[in-house]
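Colleague: Can you read through this structure? Questions will come right after.
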Amino acid sequence: MTRVANIDVIVTVICLIIVVTLTPFILIIYSTMHTNIDSYVLEQANKRAVDAAMSMLQDSSDVNIVGNFDVDPDVAYDMYLKIYTSNLYTDSEEARNTLNASSPVTLVAVNDGVYVKDFSGSDSVSYFTNKIPYAYSVSGTEYYVADTINGSNILLVDGVNNSYKVIGDSRPLNDGDPIIGGALAGEPNIAEHSVANVTSQIIDMVHYSLATNNSGGSRDRYLALPSEMSEGLLQDITAFRGIIFLNYIDDFSFGNYLGVSSFSLANSQLTLREPVGVDSSGYYKPMSAYGFLTSADIPDSMKVFTSEYEAAKNGYYPSPSYYDDLQ
Amino acid sequence: MINNIINIILAVIIFLGCLLLMSTVGLYADFMGAYNSTAYYSDIVIDKGVLTQDDYDDFIVDLGSTGKIYNVSVMIERKQVTPAVDEDNNVIEGQYAINWVPVSVHRNFDGGTGVNGESYLQVGDIVTVNVVGISESFPERMLRSFASVDPFNRDIKIVATVRNDGRGLN
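Right, here's the structure in full:
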């Protein structure tokens, strides 16, 4: 009788042990899966958002006859926010604001200048440029160093310990490693291009831009840096012609989603926009829709703009058939 | 006697725990399967720049392999660039606005028949693929019955912009 009772107690104890260990195990499994899904969805959202931003950049770029072009970084950035938050099942203002607040570094760069987001003189300002592939966080001890040539790496530099790591890569960067992508590849010593040195030059460029009022016009979140200011720093860097959109997210969380930090970059060659014309109807249409063979055929009465954006800026609406007429 | 009762209760708890664990894993697999199917289909659409019935049917079959029934909608929005206007609807000179206008919605519910034939898209169009589960899989039933939770029962939504013109015009 006693033996049976002992067995019962032993079974009870074993069962209790199983229950006690099973509960945290289930919670860990659940938590891991939840995190995996969050990470995956956020990664997908980021990937599609940066794609959309680049597409919008290409679309809204305005090229003149000598190859200089203008870009509206706000349009690309707004598109980024819209697509990112839409992929999280919400396109609310709140979600966009949260994402915006978690994006301390955004870069839109073109051949002849750089637009740097959020230059306002506050402590949290970050400077970024594609011509000099570095970023600098003023507020903390961390320096973000980006290779914008191939976009596959960003180096996080701890300003206190002077240690390096590649974001998204568990392998620490060794002193002798060339920075991947060519920006500093082959340099004998990383110290020769110290972050502090480059940072001070970027700040000089920003000050120069402010002094010469070379801002991005109405794009008050951005600052245009003139290419002549960066030429001195370009000599070691592979020339890149085209446009770049880059965003760094620092601990973004929204709704049920856990916090995430990510770095994304896309670059592409610029594509030429088709000009649009405004005829007597008062609406704009793509020039190809008019069927003119040469520019000499264009009547004087017609107004021609380099893009639909320019036409809209001048107060013209698209023809109802505008998108059907696109070729 | 009391020990026996306790043992039975503990055995039931262990059984339910194992069931919950398996259900959670099953549900995770279901979600990821459906999400990947949706993402794959979205990528096909934005790369081709055209909605085709064949691609859509393949997508629906793929979704069905998870054992659930879904409401699927595919919406296309197109950019319209207009002058910016103020609150009184006066044009603001030198500024423009971008509006996104829905041009088509394809759904397999509420009388919709999904995608029929082919619909050509333009670069920059926004494609939204929304997938909402309307039936419960076995793991979901288990979790709902025994734990009153359904941790991964989220709608799936993929939003992306078209990369290539469907007619090959660019």
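Chains as they are written, first to last, in the numbering used here: chain A, 1036 to 1362; chain B, 721 to 890.
Cβ coordinates follow ideal geometry from the N, Cα and C atoms, glycine included.
#1: What are the boundary residues of the alpha helix (DSSP H) that ARG1131/A is part of?
#2: Would you be able to state if there are at least three C-beta pairs under 8 Å between the segment 1341-1360 of chain A and the segment 809-818 of chain B?
#3: So the alpha helix (DSSP H) LYS768/B belongs to, where does it begin and stop?
#4: Within the continuous alpha helix (DSSP H) that includes TYR1344/A, where are the two ends?
#5: Would DSSP call LEU1002/A helix, strand or coil?
#6: Within 10 Å of its beta-carbon, does THR744/B have 16 or more other beta-carbons around it, so buried, or fewer, so exposed?
#7: If you measure beta-carbon to beta-carbon, which residues of the segment 808-820 of chain B are closer than 8 Å to chain A?
#8: Examine chain A for any beta-carbon lying closer than 8 Å to the beta-carbon of ALA754/B, and answer yes or no.
#9: Could you tell me which residues DSSP pairs with LEU771/B in its beta bridges?
#10: Between the alpha carbons of PHE779/B and ASN810/B, how many angstroms are there, rounded?
#11: Could you tell me whether the Cβ atoms of VAL882/B and VAL847/B are closer together than 8 Å?
#12: How about MET1322/A: is its C-beta nearer than 8 Å to some C-beta of chain B?
#13: If we count the other Cβ atoms within 10 Å of its Cβ and call it buried at 16 or more, is VAL1048/A buried or exposed?
#14: One question on the structure: do VAL792/B and VAL851/B come within less than 8 Å of each other, judged by their Cβ atoms?
#15: Where does MET1337/A sit, in a helix, a strand or coil, going by DSSP?
#16: Any C-beta of chain A sitting closer than 8 Å to the C-beta of ILE734/B?
#17: For a contact defined as C-beta to C-beta under 8 Å, what are the partners of THR802/B on chain A?
#18: Please report the distance separating the alpha-carbon of MET1091/A from that of ALA1111/A.
#19: Name, going along the chain, the residues of the segment 1041-1055 of chain A whose beta-carbon falls closer than 8 Å to a beta-carbon of chain B.
#20: So, using beta-carbon positions, are ARG1083/A and ALA880/B closer together than 8 Å?
#21: Compute the distance between the beta-carbons of TYR1325/A and SER1354/A, then report whether it is under 8 Å.
#22: Looking at the strands, I want to know which residues DSSP matches up with GLU797/B.
#23: Looking only at its own chain, which residues have a Cβ that is under 6 Å from the Cβ of ASP1107/A, when we skip the five neighbours before and after it?
#24: Name the one or two DSSP bridge partners that ARG827/B has.
#25: Per the DSSP calculation, GLY1312/A is bridged to which residue(s)?
#26: Using only alpha-carbon positions, find the residue among GLY746/B, ARG874/B, TYR776/B, CYS738/B that is nearest to LEU1123/A.
#27: For LEU740/B, return the contacting residues in chain A, with the cut-off set at a CB-CB distance below 8 Å.
#28: What's the C-alpha gap between LEU740/B and ILE1064/A?
#29: Cα-Cα, which of GLY1294/A, ASP1335/A, TYR1075/A, ASP1086/A is closest to ASP1314/A?
#30: For a test of the three-state rule: what should DSSP assign to HIS1228/A, helix, strand or coil?
#31: Who does VAL811/B pair with in a DSSP beta bridge?
#32: Quick check on this structure: which residue in MET1068/A, ASN1135/A, LYS1117/A, VAL1054/A has the alpha carbon closest to the alpha carbon of SER1288/A?
#33: Helix, strand or coil: how does DSSP classify THR1056/A here?
#34: Rounded to whole angstroms, what is the Cα-Cα separation between LYS799/B and VAL821/B?
#35: Out of VAL835/B, ILE812/B, ASP830/B, GLY784/B, which has the shortest C-alpha to C-alpha gap to MET795/B?
Modeller: Well, looking at it:
#1: The residue labelled residue 1131/A in the question sits at position 96 within the first sequence. ARG1131/A -> alpha helix (DSSP H) spans 1128-1136.
#2: yes
#3: One-based indexing of the second sequence puts residue 768/B at position 48. Note, LYS768/B: alpha helix (DSSP H), 722-768.
#4: As a first step, residue 1344/A is located in the first sequence; it is residue number 309 there, counting from the start. TYR1344/A -> alpha helix (DSSP H) spans 1343-1348.
#5: Residue 1002/A is absent from the model: chain A starts at 1036 and stops at 1362.
#6: Looking up residue 744/B in the second sequence gives position 24. When all chains shown are included, THR744/B counts as buried.
#7: VAL811, GLU813, GLY814, GLN815, TYR816, ALA817, ILE818
#8: For this step, residue 754/B is matched to residue 34 along the second sequence. No, its Cβ sits nowhere closer than 8 Å to a Cβ of chain A.
#9: Counting from one through the second sequence, the residue named residue 771/B turns up at place 51. According to DSSP, LEU771/B bridges with SER839/B.
#10: As a first step, residue 779/B must be located in the second sequence, where it is residue number 59. As a first step, residue 810/B must be located in the second sequence, where it is residue number 90. Cα-Cα distance, rounded: 46 Å.
#11: Position 162 of the second sequence, counting from 1, holds the residue named residue 882/B. Position 127 of the second sequence, counting from 1, holds the residue named residue 847/B. In this structure, VAL847/B lies closer than 8 Å to VAL882/B by Cβ.
#12: Working through the first sequence from its first residue, we reach residue 1322/A at position 287. It does not; no Cβ of chain B falls within 8 Å.
#13: As a first step, residue 1048/A must be located in the first sequence, where it is residue number 13. Exposed.
#14: Position 72 of the second sequence, counted from the first residue, corresponds to residue 792/B. Position 131 of the second sequence, counted from the first residue, corresponds to residue 851/B. In contact: VAL792/B and VAL851/B (Cβ atoms closer than 8 Å).
#15: If you number the first sequence from 1, residue 1337/A lands on position 302. Coil at MET1337/A, not helix or strand.
#16: Stepping through the second sequence from its first residue, residue 734/B is reached at position 14. True, the Cβ-Cβ gap to chain A drops below 8 Å.
#17: Here the question's residue 802/B lines up with position 82 in the second sequence. Neighbours of THR802/B on chain A, chain order: ALA1347, TYR1352, PRO1353.
#18: Locating residue 1091/A in the first sequence gives position 56, counting from the first residue. Locating residue 1111/A in the first sequence gives position 76, counting from the first residue. For MET1091/A and ALA1111/A, the distance between alpha carbons rounds to 5 Å.
#19: ASP1043, VAL1044, VAL1046, THR1047, CYS1050, LEU1051, ILE1053, VAL1054
#20: Indexing the first sequence from 1 puts residue 1083/A at position 48. Indexing the second sequence from 1 puts residue 880/B at position 160. In contact: ARG1083/A and ALA880/B (Cβ atoms closer than 8 Å).
#21: Position 290 of the first sequence, counting from 1, holds the residue named residue 1325/A. Position 319 of the first sequence, counting from 1, holds the residue named residue 1354/A. The answer is no: Cβ separation not under 8 Å.
#22: Taking the first residue of the second sequence as position 1, residue 797/B is located at position 77. Looking at the DSSP assignment, GLU797/B forms a beta bridge with PRO822/B, ILE846/B.
#23: The count along the first sequence starts at 1 and reaches residue 1107/A at position 72. Correct list, in chain order: SER1095.
#24: As a working note, residue 827/B is residue 107 in the second sequence. Paired residue(s): SER793/B.
#25: For the purposes of this step, residue 1312/A is taken as residue 277 along the first sequence, with counting starting at 1. The partner list for GLY1312/A (beta bridge, DSSP) reads LYS1320/A, VAL1339/A.
#26: Taking the first residue of the first sequence as position 1, residue 1123/A is located at position 88. Cα-wise, what sits closest to LEU1123/A is ARG874/B.
#27: Along the second sequence, one-based indexing puts residue 740/B at 20. Residues of chain A passing the Cβ test: ILE1061.
#28: Within the second sequence, numbered from 1, the residue matching residue 740/B stands at position 20. Within the first sequence, numbered from 1, the residue matching residue 1064/A stands at position 29. Each residue's alpha carbon lies about 11 Å from the other.
#29: Residue numbering aside, residue 1314/A sits at position 279 when the first sequence is read from its first letter. Of GLY1294/A, ASP1335/A, TYR1075/A, ASP1086/A, the residue nearest in Cα terms is ASP1335/A.
#30: The residue you call residue 1228/A lines up with position 193 of the first sequence. Low per-residue confidence applies at HIS1228/A: pLDDT is 34, beneath 50, and the placement is therefore not dependable, though the value from the model is reported in the following sentence. Correct three-state label for HIS1228/A: helix.
#31: The residue given as residue 811/B occupies position 91 in the second sequence. Per DSSP, VAL805/B.
#32: Counting from 1 along the first sequence, the entry for residue 1288/A is found at position 253. When each option's Cα is compared against that of SER1288/A, the closest is ASN1135/A.
#33: As a first step, residue 1056/A must be located in the first sequence, where it is residue number 21. In this structure, THR1056/A counts as helix in the three-state DSSP scheme.
#34: Numbered from its first residue, the second sequence carries residue 799/B at position 79. Numbered from its first residue, the second sequence carries residue 821/B at position 101. The alpha-carbon atoms of LYS799/B and VAL821/B are separated by roughly 6 Å.
#35: The residue you call residue 795/B lines up with position 75 of the second sequence. When each option's Cα is compared against that of MET795/B, the closest is VAL835/B.
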